[in-house]
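Undergrad:
Numbering (the UniProt record's numbering), first residue to last: 1 to 268.
Structure below.
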């Protein structure tokens, strides 16, 4: 995140057929065997049928792009950040040379070069902050099964920092997802589902923090969202949880906590 703050140019690369660039040793090919009526076949390269394929390919990317500051890779998505245009071009050249060395290619239609913003891992990353990609959730139809509901909730939770009161809005759907509750999609569930999608459609940008300034933390709590805590003790666990959740962001910086519990101001 610190690097995002000073970056003016961003490029994103998509690697097509990424796993197939990894040639398997002869001794390892037998674990990929697939039996057909007309014979048995094995993969000569890395395949998605191998459960460790993502870890293997990620380790290859880490080794391939190691030592390049400003280059981030998650499986087949590569992000390149820099502040100066000439440095960005030089960084792109280094990345392309390593791609060529390892036999990887890029998808031209899914890649963007030298832009001010780009889509990466479900977010639109710009020079001032990040925004969730609304279309990822907007296209989801009303769940008809518990599995479809779980998929929707997981996708919303991926963007958990983007909308206030997300947990409170989702609570009826969270209860409906429990295995102990018979799955029956009601009008109340549909209203909650629609309400959440409307919240998602709103344009929300999470701004990058200014590390040169002190941080102000706003906290609150309720019986419903924190569980069975006594009312007079709610604010303390809330403050503790928020400091734990954002410890990597707040560590070694001046912090001001705003709370409506006066008793906590006298704590030591």
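The beta-carbon is built from N, C-alpha and C at its ideal position, and this holds for glycine as well.
According to DSSP, simplified to helix, strand and coil, what is residue 96?
TA: The answer is helix: DSSP assigns residue 96 an H, G or I state.
Undergrad: I'd like to check one pair, residue 57 with residue 68: are the Cβ atoms closer than 9 Å?
TA: No.
Undergrad: Would you call the region 162–178 and the region 187–203 touching, i.e. three or more CB-CB distances under 8 Å?
TA: At 8 Å Cβ cutoff, the stretches touch.
Undergrad: In the DSSP assignment, find the unbroken beta strand (DSSP E) run with residue 41 in it and report its ends.
TA: First-last of the beta strand (DSSP E) with residue 41: 39–41.
Undergrad: Below 8 Å CB to CB, which residues in the same chain sit around residue 29 once its five sequence neighbours on both sides are set aside?
TA: Same-chain partners within the cutoff: 42, 43 and 44.
Undergrad: Cβ atoms of residue 24 and residue 129: under 9 Å apart, would you say?
TA: Result no, Cβ atoms of residue 129 and residue 24 do not sit closer than 9 Å.
Undergrad: Less than 9 Å between the C-beta atoms of residue 214 and residue 255, yes or no?
TA: It is a contact, given that the beta carbons lie within the stated cut-off.
Undergrad: When you compare only the Cα positions, how much space is there between residue 18 and residue 98?
TA: Going from the Cα of residue 18 to the Cα of residue 98 covers about 14 Å.
Undergrad: By the three-class DSSP mapping on this structure, what secondary structure does residue 124 have?
TA: Residue 124: strand per DSSP, three-state reduction.
Undergrad: What's the call for residue 149, buried or exposed, on a 16-neighbour Cβ count within 10 Å?
TA: With 16 or more Cβ atoms within 10 Å of its Cβ, residue 149 is classed as buried.
Undergrad: Flag this pair as yes or no: are the beta carbons of residue 109 and residue 117 separated by less than 9 Å?
TA: Contact: no.
Undergrad: Could you give the DSSP three-state label for residue 134: helix, strand or coil?
TA: In this structure, residue 134 counts as coil in the three-state DSSP scheme.
Undergrad: Could you tell me which of 102, 20, 71 and 46 sits nearest to residue 90, measuring between CA atoms?
TA: Residue 90 has its Cα closest to that of 71, out of 102, 20, 71 and 46.
Undergrad: Let's see if you can read the secondary structure: which residues bound the beta strand (DSSP E) around residue 74?
TA: Here the beta strand (DSSP E) through residue 74 covers 71–74.
Undergrad: Taking the alpha-carbon of residue 279 as reference, which of 151, 81 and 189 has the nearest alpha-carbon?
TA: No answer is possible for residue 279: the residues shown for the chain start at 1 and end at 268.
Undergrad: Between 26, 138, 147 and 244, which lies nearest to residue 200 when the distance is taken from Cα to Cα?
TA: Among 26, 138, 147 and 244, the Cα nearest to that of residue 200 is on 138.
Undergrad: Taking just the CA atoms, how far does residue 184 sit from residue 250?
TA: Cα-Cα distance, rounded: 43 Å.
Undergrad: How about residue 53 and residue 62: are their beta carbons less than 9 Å apart?
TA: No, these two residues do not count as a Cβ contact at 9 Å.
Undergrad: Return the CA-CA distance between residue 21 and residue 9, expressed in angstroms with no decimal places.
TA: Approximately 29 Å between the Cα atoms of the pair.
Undergrad: Note down, in chain order, each residue of its chain lying with its Cβ closer than 8 Å to the Cβ of residue 95, except the 5 sequence neighbours on either side.
TA: The answer, listed in chain order, is 13, 65, 68, 71, 78 and 80.
Undergrad: Quick check on residue 225: does DSSP put it in helix, strand or coil?
TA: Reliability of the predicted coordinates at residue 225 is poor, the pLDDT of 46 falling under 50, and the value obtained from them is presented with this limitation in mind. Note: residue 225 maps to helix in three-state DSSP.
Undergrad: Using the Cα positions of residue 46 and residue 246, report the straight-line distance between them to the nearest angstrom.
TA: Approximately 38 Å, taken between the alpha carbons.
Undergrad: Exposed or buried, what is residue 152 when buried is set at 16 or more other beta-carbons lying within 10 Å of its beta-carbon?
TA: By the 10 Å Cβ count, residue 152 comes out buried.
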